[in-house]
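Number of protein chains: 6
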Amino acid sequence: MSNVLKLGLPAGSLQEATAELFRKAGYKITFPSRSYYPAIDDPELHCTLIRAQEMGRYVADGSLDCGLTGHDWIVESDANVVELSELVFSKVSRRPVRWVLAVPNDSPIQGPKDLQGKRIATEVVNITRKWLASHGVTAQVEFSWGATEVKPPKFADAIVEVTETGSSLKANNLRIVCDLLKSTTRFVANPAAAADPWKRQKMDDLILMLKGAMAAEGKVGLMMNVRQADLSRVLAQLPALKNPTIAPLADQDFVAVNTIIDEDTVRHIIPQLKAAGASGIVEYPLTKIID
Amino acid sequence: MSNVLKLGLPAGSLQEATAELFRKAGYKITFPSRSYYPAIDDPELHCTLIRAQEMGRYVADGSLDCGLTGHDWIVESDANVVELSELVFSKVSRRPVRWVLAVPNDSPIQGPKDLQGKRIATEVVNITRKWLASHGVTAQVEFSWGATEVKPPKFADAIVEVTETGSSLKANNLRIVCDLLKSTTRFVANPAAAADPWKRQKMDDLILMLKGAMAAEGKVGLMMNVRQADLSRVLAQLPALKNPTIAPLADQDFVAVNTIIDEDTVRHIIPQLKAAGASGIVEYPLTKIID
Amino acid sequence: MSNVLKLGLPAGSLQEATAELFRKAGYKITFPSRSYYPAIDDPELHCTLIRAQEMGRYVADGSLDCGLTGHDWIVESDANVVELSELVFSKVSRRPVRWVLAVPNDSPIQGPKDLQGKRIATEVVNITRKWLASHGVTAQVEFSWGATEVKPPKFADAIVEVTETGSSLKANNLRIVCDLLKSTTRFVANPAAAADPWKRQKMDDLILMLKGAMAAEGKVGLMMNVRQADLSRVLAQLPALKNPTIAPLADQDFVAVNTIIDEDTVRHIIPQLKAAGASGIVEYPLTKIID
Amino acid sequence: MSNVLKLGLPAGSLQEATAELFRKAGYKITFPSRSYYPAIDDPELHCTLIRAQEMGRYVADGSLDCGLTGHDWIVESDANVVELSELVFSKVSRRPVRWVLAVPNDSPIQGPKDLQGKRIATEVVNITRKWLASHGVTAQVEFSWGATEVKPPKFADAIVEVTETGSSLKANNLRIVCDLLKSTTRFVANPAAAADPWKRQKMDDLILMLKGAMAAEGKVGLMMNVRQADLSRVLAQLPALKNPTIAPLADQDFVAVNTIIDEDTVRHIIPQLKAAGASGIVEYPLTKIID
Amino acid sequence: MSNVLKLGLPAGSLQEATAELFRKAGYKITFPSRSYYPAIDDPELHCTLIRAQEMGRYVADGSLDCGLTGHDWIVESDANVVELSELVFSKVSRRPVRWVLAVPNDSPIQGPKDLQGKRIATEVVNITRKWLASHGVTAQVEFSWGATEVKPPKFADAIVEVTETGSSLKANNLRIVCDLLKSTTRFVANPAAAADPWKRQKMDDLILMLKGAMAAEGKVGLMMNVRQADLSRVLAQLPALKNPTIAPLADQDFVAVNTIIDEDTVRHIIPQLKAAGASGIVEYPLTKIID
Amino acid sequence: MSNVLKLGLPAGSLQEATAELFRKAGYKITFPSRSYYPAIDDPELHCTLIRAQEMGRYVADGSLDCGLTGHDWIVESDANVVELSELVFSKVSRRPVRWVLAVPNDSPIQGPKDLQGKRIATEVVNITRKWLASHGVTAQVEFSWGATEVKPPKFADAIVEVTETGSSLKANNLRIVCDLLKSTTRFVANPAAAADPWKRQKMDDLILMLKGAMAAEGKVGLMMNVRQADLSRVLAQLPALKNPTIAPLADQDFVAVNTIIDEDTVRHIIPQLKAAGASGIVEYPLTKIID
């Protein structure tokens, strides 16, 4: 079955966000109820919903050709997979998650050395053990099935827990001591699949579209009319890295400038563009950007 | 009242979708609660909600000048109306509906001839009777008020029922024997209204906008920069029927290409465009397309 | 703290609409639960939710540098503030609100003179008293805590009440006698803040973006290809005030025309453009317009 | 299969109310999605959801042994069935439905005689035709697929429509001319099934429980302590038809009175009971009453 | 119109709770949309929704005969009304509301004397001014339209605000300094109406039913069988104030004990009853209790 | 802190059902958002939400005195705890859960012996390994993070999974081979806590109330009047194990019978009671039953 790519998608809380990303990238995914095989409108893709924690295991043993999962779970499962791409959203709010060591606010623990002989609860037992070993510390690491942040001080002395904004830790009166690992979403492949030309091309095209959709989040298009005489002043306001399109108009004194900028810089740039002589400034939405 | 066009809209399950289509076409429709006269922001249109089954009857007798309904109900009611347009969505998922003959999975019925003397339940009694007559078969056709698919085998030997994906039939352990009729939405007019110049122009303009909105579903805009030397290779990747806009840029080595393509081909075309030399590829959404 | 602008936002029913407007203008506002200090992604802005009725008071005394509130409440509180901008939505449905004198349908009151000695319930006691004085009328004006429209005839002879469409008055069997005040949303500033160069620039930029977002509501972009020979006929169909962009194409017989028009005129203009020779007409959405 | 009773339940708008009634009567009904065979926790009952309009047809021909449907549809379909019970809710708000002749408010039609030669739209074509014949009137009766109340005056001169409170008719500016038929829910049986001893007993028991559950709606239990000397005065306040339970207490001066009364008379009776000497009056809820 | 009692019900946040209380008391209240005259199934009652703040004013001037409102608003408006009943829920969670003086956590204000010359924001301007006067303090009291707890320290030095649990104050970093007024719901009457025999009887009966429904909240019925020999030990476990019903049984060694107790003491009493020899203990729900 | 009982409640899907059970038992539990320490209205109870899988671990080590969890997780964690009570709902629908061995429908595996050398995915690794050992079978048991039923045949040859109705297994085309363990909810205690008289009494009282609330689910009260002459016939219809209350009435020919029966036998018993001479049969709801 050389013309099918077996793709693992993370089940659970990320499922809907992943489907949304694929939709933006141009794929229609639907989830038949009570099935873990999402339907996708590309006969060359066969999707399976798998827990992020197990993705590495099943991509490594070839049950899947490739999959999306967090860098953290690849490290935790020590899976033999190839990372083909990091999928980072351009939106500021989508920060990488961090695995941190956290203790009660009034705990005396200030660093790894203070963990000697303590009880640590965590979902990432292997990451935690390796990190302790790298600091020459011996402690009791217990697997936590969830609700880890409620455990100190009664059920654990410290925890290693994932956090994005830290608010859940704070709400449980915990203090972050230090970071163990930062993690983002990765597109990982089975080594043999990555070496197969057809599968590799299929994966590269898919990654191109996913990254194109992600790049468009937080970006907008900007069109404006500029008098030739003002053109250099207007261009000076645009971000250096961007390469705007400049097209002639019927009125030869004017040109049309068209560019892509970060959505959250629009409010700073538009007043400057207007001051520099741009007129008829129009912002429009984008759905994909491939540089 | 020569300056008013009396327009029938299908009541019931299609009501919200129709209003959405009109909104995309540039009309604001609101449904005052418990009234069947939707408000529309065009004083020359007077809308009435009517069941799709009855649209033909009331357009034919001039109670309405025109209306939207399915081809199936026009045939069933044998109404004397003019079909001005077929309104077909470009989206793949919006398939025409089919009226099919269905029987229990284990029924011996394999074709029309096997229906002789049987009981058939259906909402389209006239279509069914004509079809039986065309096969020289005599059977008992009973009008079904709904839930038709539950009737075999206890309440009927076979049914003639509408289906889109067949899943409801399958869920009731029914098997499709053959098709009687395919049906899509039509814009139908009273013959006299179609011959009145003002009404005809009004209907044609309305159809133009409805089709423009429908055409934009499933289409996207694509802009990119292309080096003159790569232009022919890039253009070769675009669908033959499309006529892309090619505009000069300040940097005379480059041109800006702007085109409209099917949303579900984007994922195939973008990798090819990039391979052919296109850069700064941007996809943007559209709301109407009038060729 | 010269680099912070203290901005008041109206609490209550307008809160979500205001946040939506800011989001369209490029600001991300979130409302932490049970806090009246919305978070905004601009460290130079400090937002506070305040009732519209009190905005004038707190901007006038410098507790806030500026704020959004209705013209009505500025008049009612007689606050010493500077109106920097009127924020009017281009959408037809967003009409200014009116404060009107209303009486029971069967009341003999026909004008201000008939109010002599009567009981009037209202939320705007000061506006009402001044208006009565301007007509030389003496009446008992009682502050109404709400549900004002239920009060006549048992609890008041007349009311001064705000209305947009009049439907709530009609539902309570009230008749509008005359208008006292029309009101739209205003951006008001403390006089000293308006004279501070940094604060003034910050406020002007903010207003520019808010107005850019509002201008884009109810507008759309329109692109089309036009044969040179048809250009003047096509341009004649476009609104006189708009200045379309006309760009050359590779095929020198054609030009690309790009313009912005009111969404609710699209349905009239597109058929005319097509009749005048335009082809490949595409409508696309906009998010900001700064002329 | 002599030990199974085939029971038809009305599909559609009454479905959930019927299931609720059965639950109150002690049966657990669940509706598997996309199936018309509800599951019930009595192996001797086999339920099928059928439109109320068709219940008579399928009970008459023995496809079903019995079913719940309206008296109106039994008359319309002229079905040969036995009415075993009328299921009337004790709650005042559950009034019987009425089929009425309705015309526009300004129509000249005042009675059946004025219908000669008119167009009448209705869902109950047979009832309407018989009623017209009984008045010696000839008119055009058209089957209405729904939204009947919107049809006058444009699509019909009059309608025969079902109504409970008349508010939908009023909202469409229609006036009730006269009543054709009052209808309540009936438990109907196939004549042969009604003559089968086992089926008849099963149906009678089911009816007993349904009526017991219905009787309890709108009733409450009332317990109180009464001094022997006050007993006759207290009993005089209770509805004559009720037979209260009077039990002795340890303190022989007192008795405990326990009775069932209509919920909406409680507020009148309790003050009187208290005035007559009752103490410790307690109201408690009931779920079934079988006299 | 001597046979109608004009009853004011508090509009706004208490509206649904009030309707629920009336329903439990045996009255069916419905709220027609956009009307302030709720429908009630007692032709002798005419209900009007009025803000709690204005209830005193309109009961005092005879626009209403009686109404439900808070003790606080009667005091604030200094209305000349008669309090016929305090309506206190037996449920522990329904505590009286308190009007308190609150200041920022780090404010130096410790008591009324520290308010000299300060700005105080409040909805109860009159209560606050009188209270300040009673302490010989002069301060600036500003009417607050709402969101009062957000005002300190920027917009006020202190506030007088209503609170039930204090959590909203705490969330805004405010500290309670002292109480000004406790308030519960009252049934108030116009003095003339209270002196009218028919109206007074009607009001007394209504209050009896409202209090009966309120008394039943948080109470349950308890039935049990007790051996004669254990009776005194069992009775000793029941609250002293309650007077249980003791009825003989067929088995003369046993009696049936039936009593009403607080729901939140059930869990303490049942183990003791069982230990004392009670068997077959059954708890059942109540809807009204009139002692 | 001898007067506090540390009680663990299962977090996650059972959380709301547990709170509901406690509420029925007379305890008010509320869940402050983002806290794992539910508030309960008994100062002698301190609640913590803990995953069911970890309950055994933390009760065994004394972090908690007691907790509710499944028998399965106690076995899996091999925790040293005392089972004080099995909490079984009387409702038929609340069946015990089963851990079963399941394989694809077309798998050749028919019993434990066929598992030799196979891959088995499960959440209960220890239970599975012990069970395999007891059959002398060696297989690869992999911990499954969830979605276990999707794994065969691609990711596992067999699974050990929990099921109630088997429908999720069936939907994934799996077949149950055999059962490993049945499990119900248990109230478990730390051995030292169970030996502490105060804690033990507190736990026993709590269990008494929980079981009283559970016993009342699916039971109802039944009152009726019976003529002395019919009493023995009526009593013969009541379940043998129940001991009805028989009380004399004023009319000495009659007695009042009061009993508790299973809700799902009501529909069989009531027709028989009526046939045996009972009258005025009334069914009423119960909230607790302690035999």
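Residue numbers (UniProt numbering), protein chains in the order written: chain A, 1 to 291; chain B, 1 to 291; chain C, 1 to 291; chain D, 1 to 291; chain E, 1 to 291; chain F, 1 to 291. Quick reminder that beta carbons are idealized off the backbone N, C-alpha and C, glycines included.
Check: Along chain A, in chain order, which residues have C-beta atoms closer than 8 Å to that of residue 184 (chain C)?
Finding: Per Cβ cutoff of 8 Å: no residues; residue 184 (chain C) is ~23 Å from chain A at best.
Notebook entry, point to check: Excluding the five sequence neighbours on either side, which residues of its own chain have a C-beta within less than 6 Å of the C-beta of residue 291 (chain A), listed in chain order?
Noted result: Excluding sequence neighbours, residue 291 (chain A) sits near nothing in its chain.
Check: Among F:153, F:284, F:96, F:276, which has the Cα closest to the Cα of residue 165 (chain F)?
Finding: Of the listed residues, the one whose Cα sits closest to residue 165 (chain F) is F:96.
Item checked: Within 8 Å, strictly: CB atoms of residue 160 (chain B) and residue 180 (chain B) -> Yes; because the gap between Cβ atoms is below 8 Å, this pair is in contact.
Item checked: Nearest-angstrom Cα separation, counted from residue 279 (chain D) out to residue 281 (chain E) -> The straight-line gap from Cα to Cα measures roughly 24 Å.
Next item on the list: Taking only the alpha-carbon atoms, compute the straight-line gap between residue 47 (chain D) and residue 184 (chain D) and give it to the nearest angstrom.
Entry: In a straight line, the C-alpha of residue 47 (chain D) is about 21 Å away from that of residue 184 (chain D).
Check: Relative to chain B, which residues along the stretch 133-164 of chain D have a C-beta separation below 7 Å, given in chain order?
Finding: If the cut-off is 7 Å between Cβ atoms, the stretch 133-164 of chain D has 145, 146, 147, 150, 154, 155 near chain B.
Notebook entry, point to check: Can you name the residues of chain H whose CB is closer than 9 Å to the CB of residue 286 (chain C)?
Noted result: Checking the listed chains, one finds no chain H in this structure; the protein chains it contains are A, B, C, D, E and F.
Check: Can you give the Cα-Cα distance for residue 98 (chain B) and residue 3 (chain D), rounded to whole angstroms?
Finding: Straight through space, the alpha carbons of residue 3 (chain D) and residue 98 (chain B) are spaced by roughly 41 Å.
Check: Roughly how many angstroms separate the alpha carbons of residue 177 (chain B) and residue 132 (chain B), rounded to a whole number?
Finding: Rounded to the nearest angstrom, the gap between the Cα atoms of residue 177 (chain B) and residue 132 (chain B) is 14 Å.
Next item on the list: Please determine, among A:152, A:42, A:168, the residue with the shortest C-alpha to C-alpha distance to residue 205 (chain A).
Entry: Looking from the CA of residue 205 (chain A), the closest CA among A:152, A:42, A:168 belongs to A:42.
Item checked: Interface residues of chain B facing residue 243 (chain A) [CB-CB closer than 7 Å] -> Chain B residues near residue 243 (chain A): 280.
Notebook entry, point to check: What residues from chain A crowd round residue 50 (chain F), counting only those whose CB sits closer than 8 Å?
Noted result: Ordered by position in chain A, the residues that pass the 8 Å Cβ test against residue 50 (chain F) are 147, 150, 155.
Check: If we count the other Cβ atoms within 10 Å of its Cβ and call it buried at 16 or more, is residue 202 (chain A) buried or exposed?
Finding: The residue in question, residue 202 (chain A), is buried, as its Cβ has 16 or more Cβ neighbours within 10 Å.
Next item on the list: Using 10 angstroms around the beta-carbon of residue 32 (chain E), count the other beta-carbons present and answer buried if the total reaches 16, otherwise exposed.
Entry: Around the beta carbon of residue 32 (chain E), fewer than 16 other beta carbons sit within 10 angstroms, so the residue counts as exposed.
Margin query: Quick check: the Cα distance between residue 271 (chain B) and residue 208 (chain A), rounded to an integer number of angstroms?
Written below: Going by the C-alpha atoms only, they are around 7 Å apart.
Check: What whole-angstrom Cβ distance do residue 6 (chain E) and residue 213 (chain E) have, given they're in contact under 8 Å?
Finding: The C-beta distance from residue 6 (chain E) to residue 213 (chain E) rounds to 22 Å, too long to meet the 8 Å contact threshold.
Check: Do residue 218 (chain F) and residue 262 (chain F) have their CB atoms nearer than 8 Å?
Finding: A Cβ-Cβ contact shorter than 8 Å links residue 218 (chain F) with residue 262 (chain F).
Note to self: Going residue by residue through the stretch 144-208 of chain E, where are the continuous alpha helix (DSSP H) segments of at least 4 residues, counting only ones entirely within it?
What the structure shows: At a cut-off of 4 residues, the continuous stretches assigned as alpha helix (DSSP H) that sit fully inside the stretch 144-208 of chain E are 167-171, 191-195.
Note to self: Mapping the DSSP letters down to three states, classify residue 256 (chain E) as helix, strand or coil.
What the structure shows: Strand at residue 256 (chain E).
Next item on the list: Kindly indicate if chain C contains any beta-carbon less than 8 Å away from that of residue 247 (chain A).
Entry: At least one C-beta of chain C is nearer than 8 Å to the C-beta of residue 247 (chain A).
Notebook entry, point to check: Cα separation between residue 229 (chain A) and residue 247 (chain B)?
Noted result: Their Cα atoms are separated by approximately 21 Å.
Check: Who are the near neighbours of residue 253 (chain A) in its chain, counting only those whose CB is closer than 7 Å to its CB and skipping five residues on each side?
Finding: Counting only residues of its own chain and dropping the five nearest sequence neighbours on each side, residue 253 (chain A) has a CB closer than 7 Å to the CB of 227, 228.
Checklist line | Selection from A:189, A:144, A:88 that minimises the alpha carbon distance to residue 8 (chain A) | finding: Here the closest residue by C-alpha is A:189.
Notebook entry, point to check: How about residue 26 (chain E) and residue 267 (chain D): are their beta carbons less than 8 Å apart?
Noted result: It is a contact, given that the beta carbons lie within the stated cut-off.
Notebook entry, point to check: When we look at the beta-carbon of residue 70 (chain F) and count the other beta-carbons within 10 Å, is it buried (16 or more) or exposed?
Noted result: It is buried - the Cβ of residue 70 (chain F) has at least 16 other Cβ atoms within 10 Å.
Margin query: On the DSSP letters alone, give me the boundaries of the alpha helix (DSSP H) that residue 218 (chain A) sits inside.
Written below: Per DSSP, residue 218 (chain A) belongs to no alpha helix (DSSP H) and is neither H nor E.
Item checked: the stretch 105-120 of chain A / the stretch 129-149 of chain A touching (three or more Cβ pairs under 8 Å) -> The stretch 105-120 of chain A is in contact with the stretch 129-149 of chain A.
Check: residue 269 (chain C) touches chain A at which residues, Cβ-Cβ below 8 Å?
Finding: Per Cβ cutoff of 8 Å: no residues; residue 269 (chain C) is ~18 Å from chain A at best.
Notebook entry, point to check: Expressed to the nearest angstrom, what Euclidean distance is found between the alpha-carbon atoms of residue 196 (chain E) and residue 12 (chain B)?
Noted result: Rounded to the nearest whole angstrom, the CA to CA distance from residue 196 (chain E) to residue 12 (chain B) is 56 Å.
Item checked: Cβ neighbour criterion (16 or more within 10 Å) applied to residue 173 (chain F) -> Residue 173 (chain F) should be labelled exposed.
Checklist line | DSSP state of residue 44 (chain B) mapped onto helix, strand, coil | finding: In the three-state DSSP reduction, residue 44 (chain B) falls in the coil class, being neither helix nor strand.
Notebook entry, point to check: Along chain A, in chain order, which residues have C-beta atoms closer than 8 Å to that of residue 25 (chain C)?
Noted result: The answer, in chain order, is 267.
Notebook entry, point to check: Are the beta-carbon atoms of residue 120 (chain F) and residue 147 (chain F) separated by less than 8 Å?
Noted result: Taking 8 Å as the cut-off, the Cβ atoms of residue 120 (chain F) and residue 147 (chain F) do not count as close.
Next item on the list: Would you list the one or two residues that DSSP bridges to residue 279 (chain C)?
Entry: Its beta-bridge partners are C:225.
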